[in-house]
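Scroll down for the structure; my scribbles are underneath it.
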Ligand code: NAP
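In my numbering, the protein residues as written are -10 to 438.
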């Protein structure tokens, strides 16, 4: 089959900014100038030294407001983040916000361009930011603005912590048992977009190649065809990030979730590469389940992180019946997509589930729900998903005191039964408050926790 560059996912070397004579990325060397983006009056860039992030006390963080309910939840959440940083550090630390654009707001500012190039440049230069939900324009040439951001910036780990906050309505009897962090591979799998529509010339070419060259005959004439690329490079960097997270956050296990019993050379290989990586790169910190069973009587030795694996379909049952057995989860793109929303539903739904897309240096935190257009500018939706994505962002900066303060004040506010409409309809004796008032109550509660 002929190599077709248009169906290839953009590899790292195509999307990095230009390199100067010294081999350094230009974005690191010079002050970029922007057309519509305005730098804040104060603040410093986050930088990297030998792969380690250096966070100044007054970092410049990027935000994309988002469409639909984006304005309401971003306004409320920024008030909460800023208040927590001010209270936790007594003015010693402070965020300087810099607005960058995508979606409908960008289209208004950049002559109909929903995804301006300078937004990517700003992320390359400033490294860390947060976004509200975006409408993908129908027929705008994008599969999705969110997928474009992840792929162009090579944000290969989609990180979704799923835990329960006291008082939040849940369908489980013991929602407190759910406390996992999902690392979903963000760039490969069926999401790479290599698909050939039934009845097209390309589809026929591929079908002929599969039948005549490879002897694959077990599919119907005119079947739509999709390719599922899963590579050692893509799998290992995701699993590496998951294991490193487990080490840094003192988690107990990493579960590789896959469908390798059926899809042996993609999902099965993901599992195999995961065990290989743990063994080669983290031999001191990790131990596989086979070794625990063979040499340690089924008990994980103290200080070791257990590496285990589970078939994807049974993982859904396990996370309903015995969620305590899992901690950090590393999985492929499609499994991770299903699993993230299903697990979020166990602890309050997508209105509260936070998320982040993280690459080697750049991190983009995001609300996981959509733009909920019918609630635009009604000041009524739950800011929880964006708010806790911001909590993840504070933790990413190592600003744990501010992050914890928000979590505790949030729990106190729910405990007082002040909630937005979505929780109010599931809770008895709850007072329904506006997004802005919910934020005010959280900020007031920071002094009480
Ligand atoms: P949605 O915007 O997530 O909304 C679906 C429903 O979820 C809402 O009607 C609402 O349910 C509930 N909901 C969502 N966010 C909430 C919040 N903050 N607080 C309380 N409830 C919330 O999904 P959609 O209607 O399928 O998609 C709308 C647009 O969003 C589309 O253009 C889609 O492309 C885009 N989208 C963007 C992202 C993203 O940027 N990451 C993700 C998904 C979809 P009730 O009506 O029952 O109250």
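Don't be surprised by glycine CBs; every beta carbon is placed ideally from N, CA and C.
{"Asked": "Distance cut-off 7 Å: residue 64 Cβ against heavy atoms of the ligand NAP", "Found": "no"}
{"Asked": "Proximity below 8 Å, CB of residue 170 to CB of residue 78", "Found": "no"}
{"Asked": "Whole-number beta carbon distance between residue 116 and residue 352, since they are thought to touch under 8 Å", "Found": "7 Å"}
{"Asked": "Candidates 60, 114, 145 and 359, of which the one nearest residue 48 by Cα", "Found": "114"}
{"Asked": "Cβ neighbours of residue 431 in the same chain (closer than 6 Å, five flanking residues each side left out)", "Found": "69, 398, 399 and 402"}
{"Asked": "Near the ligand NAP: residue 368 beta-carbon under 7 Å from a heavy atom", "Found": "no"}
{"Asked": "Heavy atom of the ligand NAP within 7 Å of residue 124 beta-carbon", "Found": "yes"}
{"Asked": "Which listed residue (55, 159, 73 and 434) has its alpha carbon closest to that of residue 341", "Found": "159"}
{"Asked": "Sequence-distant residues of the same chain with beta carbon closer than 7 Å to residue 445, five excluded per side", "Found": "The requested residue 445 does not occur in the structure, where the chain is confined to residues -10 to 438."}
{"Asked": "Separation of residue 240 from residue 411, as counted between CA atoms", "Found": "32 Å"}
{"Asked": "Residue 426 Cβ short of 7 Å to the ligand NAP heavy atom set", "Found": "no"}
{"Asked": "Three-state class that DSSP yields for residue 109 in the structure shown", "Found": "helix"}
{"Asked": "Candidates 301, 314 and 348: closest to residue 329 by CA position", "Found": "301"}
{"Asked": "Exposed unless 16 or more other CB atoms sit within 10 angstroms - verdict on residue 371", "Found": "buried"}
{"Asked": "Beta-carbon gap between residue 423 and residue 369 smaller than 8 Å", "Found": "yes"}
{"Asked": "Residue 85 CB to nearest heavy atom of the ligand NAP below 7 Å", "Found": "no"}
{"Asked": "Expected contact under 8 Å - CB spacing of residue 375 and residue 66 to nearest Å", "Found": "5 Å"}
{"Asked": "Within 8 Å, strictly: CB atoms of residue 278 and residue 260", "Found": "no"}
{"Asked": "beta-carbon residue 355 near the ligand NAP non-hydrogen atom, thresh 7 Å", "Found": "yes"}
{"Asked": "Delimiting residues of the beta strand (DSSP E) encompassing residue 260", "Found": "From DSSP, residue 260 is part of no beta strand (DSSP E) but of the alpha helix (DSSP H) over 256 to 270."}
{"Asked": "Under the three-state DSSP convention, the category residue 193 falls into", "Found": "helix"}
{"Asked": "beta-carbon residue 361 near the ligand NAP non-hydrogen atom, thresh 7 Å", "Found": "yes"}
{"Asked": "Any non-hydrogen atom of the ligand NAP within 7 Å of residue 38 CB", "Found": "no"}
{"Asked": "Continuous beta strand (DSSP E) stretch holding residue 159: start and end", "Found": "Here residue 159 belongs to no beta strand (DSSP E), and DSSP marks it neither H nor E."}
{"Asked": "DSSP beta-bridge partners of residue 37", "Found": "42"}
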